[in-house]
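Undergrad:
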Amino acid sequence: MADFRASLNDAAPQPSLSPPLAALWWAAKGNWDQAHRIVQDESTAEAAWVHAYLHRVEGDLGNAGYWYRQAGQPVAKDGLDAEWERIVTALL
138 MADFRASLND
148 AAPQPSLSPP
158 LAALWWAAKG
168 NWDQAHRIVQ
178 DESTAEAAWV
188 HAYLHRVEGD
198 LGNAGYWYRQ
208 AGQPVAKDGL
218 DAEWERIVTA
228 LL
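Right under this line is the structure:
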């Protein structure tokens with residue numbers, strides 16, 4: 138996690154990151170659109186989980202709920218920062 142957080146000082150994510158982790162990287166940088174572009178066409182459960190998180194950030198809880206179901210994850214009830222950290226930790 139420390140290396141991932143440190144990489145947020147870079148101009149772009151490491152090319153070796155999976156699409157869901159790259160999306161979370163962009164989300165942490167405040168670029169929701171880039172993060173969403175990365176995961177919207179991915180078909181993995183991990184991408185669906187990140188997609189759910191992004192729609193929660195956006196405030197679209199109905200759409201987020203759909204993506205949580207696609208990911209097989211419970212709807213998050215904690216803060217956005219805590220959820221971001223939980224997803225990053227799970228995917229690293």
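229 is the number that my numbering gives the last residue of the sequence shown; the numbers go up by one with no jumps. Every residue, glycine too, gets a C-beta built ideally from N, C-alpha and C. Owing to the predicted nature of the structure, the values given are computational and were not obtained by experimental measurement.
Leaving out the 5 sequence neighbours to the left and right, which residues in its chain are closer than 7 Å to residue 209 when beta-carbon positions are compared?
TA: As a position in the sequence shown, residue 209 is number 72, starting the count at 1. Only 182 meet the Cβ criterion.
Undergrad: By Cβ distance, which residues of its chain are closer than 8 Å to residue 155, with the 5 residues on each side in sequence left out?
TA: As a first step, residue 155 is located in the sequence shown; it is residue number 18 there, counting from the start. Excluding sequence neighbours, residue 155 sits near 183 and 228.
Undergrad: Cβ of residue 175 within 9 Å of Cβ of residue 157?
TA: Numbered from its first residue, the sequence shown carries residue 175 at position 38. Numbered from its first residue, the sequence shown carries residue 157 at position 20. Contact: yes.
Undergrad: Could you give the distance in angstroms between the alpha-carbon of residue 189 and the alpha-carbon of residue 198?
TA: Residue 189 sits at position 52 when you count from the first residue of the sequence shown. Residue 198 sits at position 61 when you count from the first residue of the sequence shown. Cα to Cα, the separation comes out at about 9 Å.
Undergrad: Report the rounded CA-to-CA distance for residue 139 versus residue 223, giving the unit in angstroms.
TA: Position 2 of the sequence shown, counted from the first residue, corresponds to residue 139. Position 86 of the sequence shown, counted from the first residue, corresponds to residue 223. Computed Cα separation, rounded: 13 Å.
Undergrad: Hey, could you find the ends of the alpha helix (DSSP H) residue 200 is sitting in?
TA: In the sequence shown, residue 200 corresponds to position 63, counting from 1. Start and end: 198-208.
Undergrad: Is the beta carbon of residue 164 within less than 8 Å of some heavy atom of the ligand SAH?
TA: As for the ligand SAH, it is missing from this structure, which has no ligand bound.
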